[in-house]
Amino acid sequence: MDDIRIGCGYDIHKFLEIAIFDNAAKRLFLGGVLIEGHIGVAAHSDGDVVLHSITDALLGSLSLPDIGVLYPDNLKSTKGVSSIDIIKYAYKLVKEKGYKLVNADITIITQTPKISAYKERMIESTSAALGVDKSRINIKGKTKEGLDAVGKQMAIECFSVCLISSS
Ligand code: CDP
Ligand code: ZN
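Numbering (my numbering), first residue to last: 750 to 916.
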């Protein structure tokens, strides 16, 4: 009998202080897309909150160890690791258990950048990383109306829900 499972994922990263904006290595990646000219985030990896939250939703759907267990942020071997590689590995584990993604719905919460300007490219890059049709991925942006750390542009966060099926 076919089985369906659901997982939710969340991630948040702090934007860097303007003083270290010049650090070219700290660029903002969202859904595998480089957001040109935008301040980057503090992270052990490339800090892609979108791919990290989807990864945790995929892993969570099958009660697999979460991203922080699979990629500890205190190891040299995981420093600067590409989030594309992380999500590919998570989805490989899901497929090995006989499941595939039905759909993912993703909400990025940030004052900047305007997500609508990048969402098509993010959907393309995320679906390509997973090897699924673009129609299975939805990405949308929301502000925090100036409230709390995200509203004060100190951080960017992302929620994801993934449905998977064994059929
Ligand atoms: O209108 P409401 O207060 O519910 O939402 P908002 O946070 O002011 O965002 C309005 C619309 O702008 C959203 O529905 C998104 O379509 C878009 N948006 C975006 O593309 N990127 C963001 N970082 C924030 C909002
Ligand atoms: Zn992260």
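Each residue gets a CB set at the ideal place from its N, CA and C atoms; glycine is no exception.
First and last residue of the uninterrupted alpha helix (DSSP H) at residue i
i	result
Tyr838	832-845
Asp897	897-900
Asp815	Where Asp815 is concerned, there is no enclosing alpha helix (DSSP H), given that its DSSP letter is neither H nor E.
Thr804	798-810
Inter-residue CB distance, residue i and residue j (contact presumed, cutoff 8 Å)
i	j	result
Tyr848	Arg776	So it is not a contact: roughly 33 Å between Cβ atoms.
Gly758	Gly809	6 Å
Cys911	Ala806	4 Å
Leu779	Ile857	7 Å
His793	Lys828	6 Å
Three-state secondary structure (DSSP) of residue i
i	result
His762	strand
Lys868	helix
Ala877	helix
Lys825	helix
Residue nearest to residue i in terms of C-alpha spacing, selected from the options
i	options	result
Pro821	Ser812, Leu811, His801	His801
Ile905	Pro862, Pro814, Val830	Pro862
Ile761	Ile803, Leu819, Asp752	Ile803
Lys837	Gly900, Thr875, Ile888	Thr875
Ser884	Gly900, Leu850, Ser915, Val899	Leu850
Asp854	Lys841, Ala866, Gln860, Met871	Met871
His787	Asn887, Glu766, His793	Glu766
Gly781	Val830, Asp751, Leu819, Gly817	Val830
Ser812	Ser915, Val843, Asn887, Ile835	Val843
Ala877	Ile833, Glu845, Gly895, Ala839	Ile833
Ala898	Gly817, Lys763, Met750, Asp752	Lys763
Met903	Thr859, Glu785, Asp752, Asp797	Thr859
DSSP beta-bridge partners of residue i
i	result
Val782	Leu779
Asp854	Asn887, Val910
Ala904	Lys763
Gly756	Cys911
Lys849	Ser914
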